[in-house]
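J.: Take this structure first; my questions come after.
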Amino acid sequence: MDNQKQPNFWLRGKRETKKFYEIRLNRSTSIATFIFGFLLAAVIVLPIGILIYQFLVIFGYNLAVFGLYLTLIWLALMFFNGLSNYLTVKIAQASVKDMLNLQAIEAGYIFWYQLLNIGFGLFSLIIIIISAIQILGAR
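The structure is reproduced here in structure tokens:
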């Protein structure tokens, strides 16, 4: 029996992300996988954004639900970040099948790590709050 404790998904995701960043793909493959991963994630997340926008148009800038709007926008951005990174890795794996260290990366851990990325989460939250303050007119 193996009593050695396996690292949790956060540490595995951090490790897998670092391994992906250390891989040297040729420039065109790297750019193409990023663009297609980003666009595919945008197509998937866009209906959520449109739904949030429609609720905002219907209910207006009611302060009672404005916090809910901001929370939904923040969660959608976090999901978009995780999904775009996941899709970038999967597209890279599909396009460069002969690179064994790339094929060994587990993209699911990268999704969870980027979904819960503290740095991106705080940055996007600050931008959302600043935008909300400007929208409401409080300066």
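Quick note: the sequence shown, position 53, residue 39 per the working numbering, numbers continuous. The beta carbon of each residue, even a glycine, is placed where N, CA and C say it ideally should be.
Roughly how many whole angstroms lie between the Cα atoms of residue 84 and residue 97?
T.: By one-based count along the sequence shown, residue 84 stands at place 98. By one-based count along the sequence shown, residue 97 stands at place 111. Rounded to the nearest angstrom, the two C-alpha atoms are 23 Å apart.
J.: Check whether the region 91 to 111 touches the region 57 to 69, counting contact only when three or more Cβ pairs, one atom from each stretch, lie closer than 8 Å.
T.: yes
J.: Do three or more CB pairs link the region 52 to 59 to the region 16 to 27 at distances below 8 Å?
T.: These segments do not touch.
J.: Report all residues from its chain with a CB closer than 6 Å to the CB of residue 2; omit the five preceding and five following residues, and keep chain order.
T.: Taking the first residue of the sequence shown as 1, we reach residue 2 at position 16. Contacts found: 91, 92, 95 and 96.
J.: Measure the beta-carbon distance from residue 59 to residue 44 and round it to whole angstroms, keeping in mind my assumption that it falls under 8 Å.
T.: For the purposes of this step, residue 59 is taken as the residue at position 73 of the sequence shown. For the purposes of this step, residue 44 is taken as the residue at position 58 of the sequence shown. Wrong, their Cβ atoms sit about 16 Å apart, outside the cutoff.
J.: Could you check whether the region 26 to 36 touches the region -2 to 14, counting it as contact only if at least three pairs of C-beta atoms, one from each stretch, sit closer than 8 Å?
T.: no
J.: Would residue 57 be called buried (16 or more neighbouring beta carbons within 10 Å of its own) or exposed?
T.: Within the sequence shown, numbered from 1, the residue matching residue 57 stands at position 71. When all chains shown are included, residue 57 counts as exposed.
J.: May I ask you to report which of helix, strand or coil DSSP gives residue 10?
T.: Translated into the one-based positions of the sequence shown, residue 10 becomes position 24. Coil.
J.: Is DSSP giving residue -8 helix, strand or coil here?
T.: The residue you call residue -8 lines up with position 6 of the sequence shown. The answer is coil: DSSP assigns residue -8 none of H, G, I, E or B.
J.: What residue range is occupied by the uninterrupted alpha helix (DSSP H) comprising residue 90?
T.: Position 104 of the sequence shown holds residue 90. Per DSSP, residue 90 belongs to no alpha helix (DSSP H) and is neither H nor E.
J.: Where do the N-terminal and C-terminal ends of the alpha helix (DSSP H) with residue 102 fall, by residue?
T.: In the sequence shown, counting from the first residue as 1, residue 102 sits at position 116. Segment: none, residue 102 is in no alpha helix (DSSP H) and carries neither H nor E.
J.: Excluding the 5 residues flanking residue 73 on each side, which residues of the same chain have their C-beta closer than 7 Å to its C-beta?
T.: As a working note, residue 73 is residue 87 in the sequence shown. Excluding residues within five positions, the ones whose Cβ falls inside 7 Å are 23, 26 and 27.
J.: In angstroms, rounded to a whole number, what distance separates the CA positions of residue 122 and residue 13?
T.: For the purposes of this step, residue 122 is taken as residue 136 along the sequence shown, with counting starting at 1. For the purposes of this step, residue 13 is taken as residue 27 along the sequence shown, with counting starting at 1. Those two C-alpha atoms are separated by around 43 Å.
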